[in-house]
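Some notes on the structure that comes next.
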Amino acid sequence: LEKNYSTLKEKKLPHQSNKSERSYHFTSEAKSILKPIFDDYCKAIEEQQWDEAATFHDADTVLIQTGKKGVYGREAVKQELMEIENLMGKTTARISEEDYQMTSDFIILKVDFEITTDKMGVLKGKSIQIWRKRNKNYLIYHEEFSFA
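Per the UniProt record's numbering, the very first residue in the sequence shown carries number 1; after that it's consecutive.
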């Protein structure tokens with residue numbers, strides 16, 4: 001019995017066999033799809049191109065500053081981003097610790113960020129974005145951030 005048990009422990013069941021490989025595949029696929037889009041979004045924000053930045057958001061988007069405030073809708077998010085930028089002044093951001101996850105219709109991106117601002121110094125924080133697939137395009141459906 002003990003010998004049979006150790007043999008079973010070493011064998012992987014069919015649903016277990018490629019879990020890490022599948023996870024890696026979805027992670028790398030998610031990154032290959034979303035990274036160029038995310039970079040373009042960050043560029044629009046950094047260049048204060050608010051109309052352009054708004055095009056990356058779904059019509060039903062939400063933007064939440066964790067524990068503080070949330071806004072709904074593309075136009076409201078655009079206004080909130082403009083307000084944040086007015087408080088901070090000109091900004092440059094450094095993104096790190098990117099973590100991509102994917103389902104059939106969504107890509108989830110978690111990042112750490114460091115923003116150098118004209119008016120508030122250096123701010124560090126975390127963000128999570130849920131991008132929804134709409135007509136072959138991915139748009140931000142939910143964005144939540146917090147400052148450390």
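Glycine included, every Cβ here is placed at the ideal spot set by N, Cα and C. Since this is a predicted model, take the numbers as computed values, not measurements.
Handout entry: Pairwise C-alpha distance: I37 and E47
Key = Answer to the nearest angstrom: the Cα atoms are 15 Å apart.
Practice task
Measure the alpha-carbon distance for I84 versus N135 and round it to whole angstroms.
Solution key: The alpha-carbon separation between I84 and N135 amounts to approximately 30 Å.
Handout entry: Coil, strand or helix - D40 by DSSP
Key = The answer is helix: DSSP assigns D40 an H, G or I state.
Problem - Q101, enclosing beta strand (DSSP E) - first and last residue - result: Its beta strand (DSSP E) spans residues T91 to M102.
Handout entry: Beta-carbon spacing of G89, D58 below 9 Å
Key = Not a contact, by the Cβ cut-off of 9 Å.
Exercise for the section: Can you give me the Cβ contacts of H142 inside the same chain, cut-off strictly under 6 Å, excluding the 5 residues immediately before and after it? Expected result: Within its own chain, the residues whose Cβ lies closer than 6 Å to the Cβ of H142, once the five positions on either side in sequence are excluded, are V62 and I130, listed in chain order.
Practice task
Throw me the rounded Cβ distance for the K126 and S146 pair, which I believe falls under 8 Å.
Solution key: Confirmed, Cβ separation roughly 6 Å.
Exercise for the section: Assign E83 to one of three DSSP states: helix, strand, or coil. Expected result: E83 falls in the helix class under three-state DSSP.
Practice task
Taking only the alpha-carbon atoms, compute the straight-line gap between M102 and A148 and give it to the nearest angstrom.
Solution key: C-alpha separation (whole angstroms): 26 Å.
Problem - Which of helix, strand or coil DSSP assigns to K68 - result: Of the three classes helix, strand and coil, the one that applies to K68 here is coil, per DSSP.
Exercise for the section: Indicate the three-state DSSP secondary structure (helix, strand or coil) for T61 in the structure shown. Expected result: Reduced to three states, the DSSP call for T61 is strand.
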